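When we follow the working numbering, the leftmost residue of the sequence shown carries the number 515, and every step to the right adds one.
Take a look at the structure set out below.
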Amino acid sequence: MNEHNKTSHPPKQKPSWNNLPTKAARIPEKFLPEVLQYARIRDCSGSGFEVVINLLNTLTQDELQQIKVAIDSLVLDDHKPAYTANRTSTRDDDNLGEIQLSDTEKAAYTASFGFVPSKYQLNIVNWITQSTGNACCNAVAGAGKSSSLLLIAKTLEQLGVSPYEIKVCVFGKENSKDLIKKFGSGWQSSISTLHSTGWSLVKQELGIRGGHKIKISSKKYKDIAVSFGLIRGRNSRNSLLTSNKIVKQTDVFFKLLDLLRLCNLNPTVRNLQNLCEHHNLEGLIKPKEAVYYLDKCLQVGEQQAANKICFDFTDQLWLPVKWRLSNSGWLKPYKFVLVDECQDLNAVQLELVCMLAGKSGRILAVGDPKQAIMGFAGADCDSYAAIMARIQALELPLSICYRCPTEHIALVKKLFPDIAIEPSPTAQSGTIHQIKKEEIMDYVQDLDMILSRKTAPLVSLCLKLIANKKKAQIKGRSIGDNLRKELEAIENDIYFSWDEFNLSLDTYFESKCATYKGSDNEEQLTENLKDKIDAIREIYRATPHAKNVKDLELEIDNIFSDENAPITLSTCHRAKGLEAQRIFIYEPQHMPMEWRGQKSWQHGQEMNLLYVALTRSKSELFIVGECKWYKPECTQQSDDEQEG
Ligand SMILES: Nc1ncnc2c1ncn2[C@@H]1O[C@H](COP(=O)(O)OP(=O)(O)OP(=O)(O)O)[C@@H](O)[C@H]1O
Ligand SMILES: [Mg+2]
């Protein structure tokens, strides 16, 4: 029973930080206080000009001089930046083009991108402007991969290539929104995730326009399965999948429906067995029958899509490839396809990229194999190598981490000796602090980012921060949507009672865990479920006014967001590609996550997640709690001495 029932709901939490910099972390640290002040004044409708002038007043003559050059280079020549796109390189000893930039060019680059490109980055620009074919960049975290894509896209535009002829494929909706802001509205249709690109192609193929009402449902294939009597539904008590012992539990059937599409595979016994083996999926008893029903569901799913009735998220990626839209006649290949985070492409995404470029377009894909973390969602664990081979790419080097301070890189190198990550020569030393979990409230401030391997700790921390009047949100509406789905299932459980909410959670947890019993990956599934149930329990605890499940759902909507909040909490998966001055690694003992029956590729991806988390910070790293992989220097020294 919820002890603190109140009658009214608190107003929906609305962000009041309209003008806070969205990628604030990319601003030089020195200017952070001024930028924040500027954002706040803008929020109160103050004059931006005044703030800029105040800021300029604080700078030295040298700094003002640099800014003057940068501004001159921007306002001259019809507002075109004064860096030169088309340069010939002279070869130096290490076979890299050494391109000399004038001071004006350096200033113009700084004004446009916030940095002067390295010789590696200029070499990539050189390759795109003067060579042919495809290329890949395999580089460590923070080496400027995403920044290079921006550099290239802008250079191509400067050379007269229209943004409409360039496709920039990014990871995650937030990244695409962020890039569009940086590139300008003219790039709106050029920058997108592969998901939304696939969806646009499907819509175009089917002539779906804005006015059309199209159903997008994550339950689409469940509804189809109900219609075949494969699982129970409102009007059908049949559950052929389990009564005919095709599968032990129905989850595996739906996971296979997703994976077959994401991995671009036909339903065959061999493919099902391989997927089950690779993903540790348990409970497939009769593969032949499963193939038959999977095929039937996919056929109906495809038909529903062709008739514009219903789609699910995976359809949006799968159908353009399944329908071979590259042969459609109307799909004009892009001249350039730039792909970020290519180490996490799944097979169907890779096909989509190739389709976008067609026979004539050129592909540049950037990625870091050590940051491959999406294997669980069907990404090819060796995606970087797969894309290199598929597009016959030339490999262009990009080394040196521009993001992380030397101390953080030293820790990364100690933990991952095989990763050749080096700090930039101008990197600051940075700091690493280890603090206690209960101390975090005293440390966290605006613009910080808090990372955790699991969702539940973020939920409880986020609620605490909000209770302490700090503006915090958890990145990723889709994580919230997953919690809502679980909550829906809990509410539909026959033993559910709102008055005994916590007990209902326990009962649901136990009965779902019972279905995992005996599977190789029992521990992993149980851990995942526990994380979700704990998160829901936290939300219930912190929402004493809640009168029903709907109220809890509202709270979920409040705390999970795709927008940037002053304090961002994020799972390590979501933090890919992001950065902040100060990063907190919360509950570090859960990294790398380990479970009984873990496959070696899964362990590899858990280690990659730790690497991702440790390479997000630009100046300070806080380790919140104890863990096996970090001991403060003094302890480390005394341990070493003892060993010696
Ligand atoms: N040549 C450069 N000189 C100085 N700073 C740079 C340079 N190139 C990029 N940066 C800065 O380095 C940081 C990391 O860049 P970016 O995000 O492009 O790296 P990345 O390789 O994409 O990282 P990740 O592996 O996390 O995706 C950013 O703050 C960016 O502005
Ligand atoms: Mg990046």
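All C-beta atoms in this analysis are idealised placements derived from N, C-alpha and C, irrespective of residue type, glycine included.
In this text the structure is predicted, and so the values were computed from the model without any measurement.
| Query | Result |
| --- | --- |
| Three-state secondary structure (DSSP) at Met-515? | The predicted model places Met-515 with a pLDDT of 43, which falls under 50 and marks its position as unreliable; any figure quoted below should be read in that light. Coil at Met-515, not helix or strand. |
| Smallest Cα separation from Glu-1067: which of Leu-866, Arg-991, Leu-812, Glu-1037? | Arg-991 |
| By how many angstroms is the C-alpha of Lys-620 removed from the C-alpha of Asn-640? | 16 Å |
| Tell me which residue opens and which closes the alpha helix (DSSP H) that Asn-1006 is part of. | 991 to 1006 |
| Report yes if the CB atom of Leu-1019 is closer than 7 Å to the CB atom of Ile-1053, and no otherwise. | no |
| Compute the minimum distance between the beta carbon of Ser-632 and the heavy atoms of ligand 1, and state whether it is under 6 Å. | yes |
| Going by DSSP, what residues sit across from Ser-690 in a beta bridge? | DSSP lists no partner for Ser-690. |
| From what residue to what residue does the alpha helix (DSSP H) around Phe-850 run? | That residue, Phe-850, is in no alpha helix (DSSP H); its beta strand (DSSP E) goes 850 to 853. |
| Would you kindly check if the distance between the Cβ of Lys-659 and the Cβ of Val-880 is under 7 Å? | yes |
| Whole angstroms are fine: how far does the CA of Ser-1033 sit from the CA of Leu-808? | 22 Å |
| Less than 7 Å separating the beta-carbons of Gly-656 and Arg-917? | yes |
| Taking its Cβ as the centre, do 16 or more other Cβ atoms sit within 10 Å of Asp-956, making it buried, or is it exposed? | exposed |
| By a C-beta neighbour count over all protein chains shown, 10 Å radius and 16 as the cutoff for buried, is Ser-617 buried or exposed? | Reading the sequence as shown, one finds Asp at residue 617 and not Ser. Exposed: under 16 other Cβ atoms inside 10 Å. |
| Using the Cα positions of Tyr-898 and Phe-1136, report the straight-line distance between them to the nearest angstrom. | 31 Å |
| Between the Cα of Thr-802 and those of Gly-1118, Val-761, Glu-796, spot the shortest distance and give me the residue it belongs to. | A quick correction: the sequence has Lys, not Thr, at residue 802. Of Gly-1118, Val-761, Glu-796, the residue nearest in Cα terms is Val-761. |
| Closer than 6 Å: is that where the CB of Gly-686 sits relative to any heavy atom of ligand 2? | no |
| Within its chain, find whatever has a CB closer than 6 Å to the CB of Lys-1145; leave out the 5 residues flanking it on each side and keep chain order. | none |
| Rank Gly-721, Thr-920, Pro-931, Leu-773 by C-alpha distance to the C-alpha of Lys-822 and give the top, closest one. | Gly-721 |
| Check whether the stretch 1087 to 1103 and the stretch 964 to 974 touch, using three or more Cβ-Cβ pairs below 8 Å as the test. | yes |
| Can you have a look at Ile-730 and say buried or exposed, based on whether 16 or more other CB atoms are within 10 angstroms of its CB? | exposed |
| Thinking C-beta only, is Leu-977 closer than 7 Å to Ile-1050? | no |
| Considering just the uninterrupted stretch of the alpha helix (DSSP H) at Phe-827, what are its terminal residues? | 827 to 836 |
| What are the residues that DSSP puts in a beta bridge with Met-963? | Thr-1082, Ile-1097 |
| Identify whether Gly-698 lies in helix, strand or coil by the three-state DSSP scheme. | coil |
| In angstroms with no decimal places, state the Cα-to-Cα distance between Asp-882 and Cys-856. | 8 Å |
| State whether the stretch 857 to 868 contacts the stretch 691 to 705, with contact taken as three or more CB pairs (one from each stretch) at a distance under 8 Å. | no |
| Out of curiosity, what's the CA-to-CA distance linking Asn-1042 and Met-1121? | 18 Å |
| Along the chain, where does the alpha helix (DSSP H) that runs through Thr-646 open and close? | Per DSSP, Thr-646 belongs to no alpha helix (DSSP H) and is neither H nor E. |
| Just to confirm, does Phe-629 get its C-beta within under 6 Å of one of the non-hydrogen atoms of ligand 1? | yes |
| Within its chain, find whatever has a CB closer than 7 Å to the CB of Trp-1115; leave out the 5 residues flanking it on each side and keep chain order. | Gly-889, Cys-895 |
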